[in-house]
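The sequence shown begins at 19 in my numbering and counts up one residue at a time.
Note that CB positions come from ideal geometry on N, CA and C, so glycine has one too.
Working notes for the structure below.
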Amino acid sequence: MCISSVCTCNLRSPLPIAHKYYQSGDLIIAAIIYQVLFLSDEITFQSVPSHDVLDQYLFLTHNYQHTLALAFAVKEINEHAGILPNVTLGFYISTDYFDDITTYHLAMEFLSTKDKFIPNYKCNDKTNTVAVIGGPRTKTCVNMATALCNYKFPQITYGSAPLMNKETASHFVRWMFPDEMHQLKGILYLLLHFGWTWVGLISLYEEDRERFIQKSLFMFSERGICFDFIECIPQMMYGNLVSEMMEKADKLYKVIMGSIITAVILNGEITTTVILRIMVYVLDTDDIPKERKAKVWIMTAQMDFTSILMQRYLPIDFLHGALSFAIHSKALIDFQKIILKRSPTFEREDGFIKDFWKNAFDCSFPSDIIDKNAERICTGKEKLETLPNSVFETTVSGHSYSIYNAVYAVAHALNALHCQIPKFKEGQIIDERRWKILLQSPWQLQYFLQKVSFNNSAGEKISFGHNGELLTGFDILNWVTFPNKSFLRVQVGKIDPSAPLDKFLTISVKHATWPLIFNQTLPLSICNKKCPLGHSKLKLEGKLSCCYDCRQCPEAKIADQMDLDDCFSCPEDQYPNQDQDSCLQKTIIYLTYQEPLGMSLLIIAIFLSFISASILGIFIKHQYTPIVKANNRNLTYSLLIALLLSFLCTFLFIGQPNQVKCLLRQTAFGIIFSVALSCILGKTTIVVLAFMATKPGSKMRKLVGKRMALSIVLPCSLTQFTICLVWLATFPPFPDSDIHSMPKEIVLQCNEGSTTMFYAVLSFMGVLTAVSFTVAFLARNLPNSFNETKFITFSMLVFCSVWVSFLPTYLSTKGKYMVTVEIFSILASAAGLLVCIFSPKCYIIILRPDLNKKGQLIKK
19 MCISSVCTCN LRSPLPIAHK YYQSGDLIIA AIIYQVLFLS DEITFQSVPS HDVLDQYLFL
79 THNYQHTLAL AFAVKEINEH AGILPNVTLG FYISTDYFDD ITTYHLAMEF LSTKDKFIPN
139 YKCNDKTNTV AVIGGPRTKT CVNMATALCN YKFPQITYGS APLMNKETAS HFVRWMFPDE
199 MHQLKGILYL LLHFGWTWVG LISLYEEDRE RFIQKSLFMF SERGICFDFI ECIPQMMYGN
259 LVSEMMEKAD KLYKVIMGSI ITAVILNGEI TTTVILRIMV YVLDTDDIPK ERKAKVWIMT
319 AQMDFTSILM QRYLPIDFLH GALSFAIHSK ALIDFQKIIL KRSPTFERED GFIKDFWKNA
379 FDCSFPSDII DKNAERICTG KEKLETLPNS VFETTVSGHS YSIYNAVYAV AHALNALHCQ
439 IPKFKEGQII DERRWKILLQ SPWQLQYFLQ KVSFNNSAGE KISFGHNGEL LTGFDILNWV
499 TFPNKSFLRV QVGKIDPSAP LDKFLTISVK HATWPLIFNQ TLPLSICNKK CPLGHSKLKL
559 EGKLSCCYDC RQCPEAKIAD QMDLDDCFSC PEDQYPNQDQ DSCLQKTIIY LTYQEPLGMS
619 LLIIAIFLSF ISASILGIFI KHQYTPIVKA NNRNLTYSLL IALLLSFLCT FLFIGQPNQV
679 KCLLRQTAFG IIFSVALSCI LGKTTIVVLA FMATKPGSKM RKLVGKRMAL SIVLPCSLTQ
739 FTICLVWLAT FPPFPDSDIH SMPKEIVLQC NEGSTTMFYA VLSFMGVLTA VSFTVAFLAR
799 NLPNSFNETK FITFSMLVFC SVWVSFLPTY LSTKGKYMVT VEIFSILASA AGLLVCIFSP
859 KCYIIILRPD LNKKGQLIKK
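Laid out in structure tokens, this is it:
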């Protein structure tokens, strides 16, 4: 700071138009403070009502604190050594009487010579009006700005953020109120926090209602908040129009109480509680259920508790549990001490104290008594702290705090302007002449008012944003009322616009108080009961999104929270429980050796392997007998070994899949069965050629032998081997898990890598099977003593039947049962070949050795 100051206080009595009092000084801060709201329907006014009538019926005792806040701030500034030295700051207070014309008149008075209403003419005036502080009504601020913005006059409004031409207002008006959008977002986050999706909105003015619908309603709708009603409070009417006003009020009250909503947003101003108390008291009936009367009022920061004399004994319990927004503030301890010291002895310097005292204590001073039967006499010794705060609050209110900061903002801007005046080098003398010239053009204060930034006596930082709004947040207050008409506002949360989005709203539910009917449980404000777990919302045709039916979640989906818009699927490794309200972990399955199915297949495979080995042993032991030698002994051994390996390859399909098993199981199965089928084809072909070679002069005799067998078995086996080799080189099988086929299980399996190659292996086996079956079928009637071609034909019929039924069965099963089907097909087809081809020979070798003679081979 660059200068210091000293001041004196000389207040003057009220002026005729309205209550005004003036503190002498070089610079003047003018203030329009709205004192009057309600006109009794018993009195009709054709002109400005007399002061006595207003005192008796219409005086708002809470607004008296605003005048004290203004005087207190000016007094502090004048006594401060570092703000405005050698300059005395004064003030001038006016009341607009809820009248637009009066506001315009008062605004123009600031541009006139004192006590002479001549706009644009100021002469012989030793004081300079440098700024106007207006409020708390929006219309007061708008009307004030309409008149003064043309003169580029600095203005600060408190209590409301009026809607006006932002382009003009941003240059000449400052709001002791944050950006309105912060409050709307705060209300939205508050509703979402408590889960209140079905609410109502009451606005004081029709333009506020329309503005909300056009610019802000979508923001609430996007987050699932619906409004059952968006209405306006009826405007005050007098005389013959009072009945019309009451009719509209009754209609509004029925809308509010007829709704099932619990949360009602009150977008009002400082006097809205006066109207609300009248509606609740006058229009209340026993027909309305108590549950409907229990509303949680959510009041905007523009509102404050005010009342008039006739409301003193009306209950305020309807506000119990209400929530209100308030501009973030701190207590002013010294200011509270000054309030408690006020008494009628200050009448000479306070033009309001006597009227305030009479209304606050409902008494009359002896000098004012005309009727000797006056019930109560004011002694002047009454104590303000004995008043319930529904009559007068001794703690600083939000609006008074704003006025206090507004005065300081003007003072700091003046100081910054003063510091810009050039100083003479010799003695550092300030150019007082230029200072006075600057003060005659108050528009020059605008730049410094915009840039002002300071910490007030409570330690709060005060500064303005780009559009003139106050850079601060909101406190969320919870109202607790008492039978003696007093109340307590407890802070339960705050809105911090500068914080990250997840910290924008901070609130403590456990400290909140709710209307008594809710028995301290969180009230619900929803259209219908929430959908239970396992259900989702079902929108109803023609109704708002907050009103809906509930439906069971479809199969494979869950709803783990109440009131979900839609059910959702579990993660891939989980599945819904029976109630469809949570997910359970899927179990991992595969065909194991320990389970009955795996153990049964294992025993069958071992048993058949033993049979195959036994038959091979029998044939080796009797290798020189005619029946063994008759049909190419080497092919017989090869076929038995292939069948033995086919039984053993089933071990690759049982147990947890791994890389080795996945690479070998299908390729080993394909190659082994190709060898077996090649051997059968070779045996059948040799039989056919043998009979053809018996004809005289046939050259087929040279083809019958080992070379013929190799020329059939080797190419067929190598072809399948090549297919498998290409498969392994390009798209090899690998261990995988199937999480989709089974709803409750994860199947560990081998991914074939390439389905095309897998079916190529099966297709080649199918070709071999078809050729073998065809050749055997054509040779079934050849005169064979041991009739092997007939047995081969029958065995191939069994083989074909097994694998033809395999494909549809394999494709229709899931999980480990697919592996089971393939194992069964391998065992069944191999067992069919083993039994059909070798059981007749074993019968002869073991039980009928008399038939195992050469004579049987050459017998016709």
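Query	Result
Are the beta-carbon atoms belonging to Leu626 and Phe665 less than 8 Å from one another?	yes
If you reduce the DSSP assignment to three classes, tell me which class Gln173 lands in.	strand
Compute the distance between the beta-carbons of Phe687 and Ile864, then report whether it is under 8 Å.	no
If I follow the unbroken alpha helix (DSSP H) through Val816, where does it start and stop?	Glu806 to Ser830
Pick out whichever of Leu653, Val646 and Val744 has its Cα sitting closest to the Cα of Pro858.	Val646
Reducing DSSP to helix, strand and coil, say where Trp745 ends up.	helix
For the candidate residues Arg155, Gln83 and Phe782, whose alpha-carbon lies nearest to that of Asp114?	Arg155
Which residue marks the beginning of the beta strand (DSSP E) containing Leu506, and which one marks its end?	Phe505 to Ile513
Consult DSSP for Gln767 and reduce its assignment to one of helix, strand or coil.	strand
Which residue marks the beginning of the alpha helix (DSSP H) containing Cys860, and which one marks its end?	Lys834 to Cys860
Let's see if you can read the secondary structure: which residues bound the beta strand (DSSP E) around Glu521?	Note on identity: in this sequence residue 521 is Lys, with Glu being the wrong assignment. Premise fails: Lys521 is in no beta strand (DSSP E) and is neither H nor E.
By alpha-carbon positions, which one of Met237, Leu284, Glu287 and Leu294 ends up nearest to Met264?	Leu294
I'd like the list of long-range same chain contacts for Met726, defined as Cβ closer than 8 Å, with 5 residues on each side in sequence excluded.	Gly700, Thr703, Ile704 and Leu707
Can you list, in chain order, the residues of its chain whose CB lies under 8 Å from that of Ile607, leaving out five sequence neighbours each side?	Met760, Glu763, Ile764, Val765, Leu766, Gly833 and Lys834
Where does the unbroken alpha helix (DSSP H) through Trp461 begin, and where does it stop?	Neither: Trp461 is in no alpha helix (DSSP H) and is coded neither H nor E.
So Ala429 is in the alpha helix (DSSP H); what residue range does that whole segment cover?	Gly416 to Cys437
Does the beta-carbon of Ala424 have 16 or more other beta-carbons within 10 angstroms, so that it is buried, or is it exposed?	buried
If I follow the unbroken beta strand (DSSP E) through Met317, where does it start and stop?	Val314 to Met317
According to DSSP, simplified to helix, strand and coil, what is Tyr642?	coil
Pick from Phe90, Ala794 and Leu78: whose alpha carbon is nearest that of Tyr426?	Phe90
So, under 8 Å CB-CB, Leu350 and Val414 are touching, yes? Tell me the CB distance rounded to an integer number of Å.	5 Å
DSSP state of Lys555, grouped into three classes?	strand
Please report how far the alpha carbon of Ser772 lies from the alpha carbon of Leu829, in whole angstroms.	16 Å
Please state the DSSP three-state secondary structure of Ala727.	helix
With a cut-off of 8 Å on the beta carbons, I'd call Val217 and Ile243 a contact; round off their distance for me.	7 Å
Would you give the residue range spanned by the beta strand (DSSP E) that Glu249 belongs to?	Cys244 to Cys250
The beta strand (DSSP E) spanning Trp216 covers which residue range?	Trp216 to Ser221
Can you name the start and end residues of the alpha helix (DSSP H) that Gln592 belongs to?	No alpha helix (DSSP H) contains Gln592, which is instead part of the beta strand (DSSP E) from Gln592 to Pro594.
Note the first and the last residue of the continuous alpha helix (DSSP H) segment covering Ala378.	Ile371 to Phe379
One question on the structure: do Leu222 and Glu262 come within less than 8 Å of each other, judged by their Cβ atoms?	no
Suppose you measure from the CA of Thr26 to the CA of Ala48; what does that come to, to the nearest Å?	Its pLDDT being 26, under 50, Thr26 is placed unreliably by the model, and nothing is read from it.
Exposed or buried, which one is Cys697 when buried takes at least 16 other CB atoms within 10 Å?	buried
For Ile95, name the three-state secondary structure that DSSP assigns.	helix
How do the segment 783-792 and the segment 817-825 stand: do at least 3 beta-carbon pairs fall below 8 Å, yes or no?	yes
Over what stretch of residues does the alpha helix (DSSP H) that includes Leu284 continue unbroken?	First-last for Leu284: Ala281 to Asn285, but that is the beta strand (DSSP E), not the alpha helix (DSSP H).
Grouping DSSP H, G and I as helix and E and B as strand, with all else coil, what is Ser543?	coil
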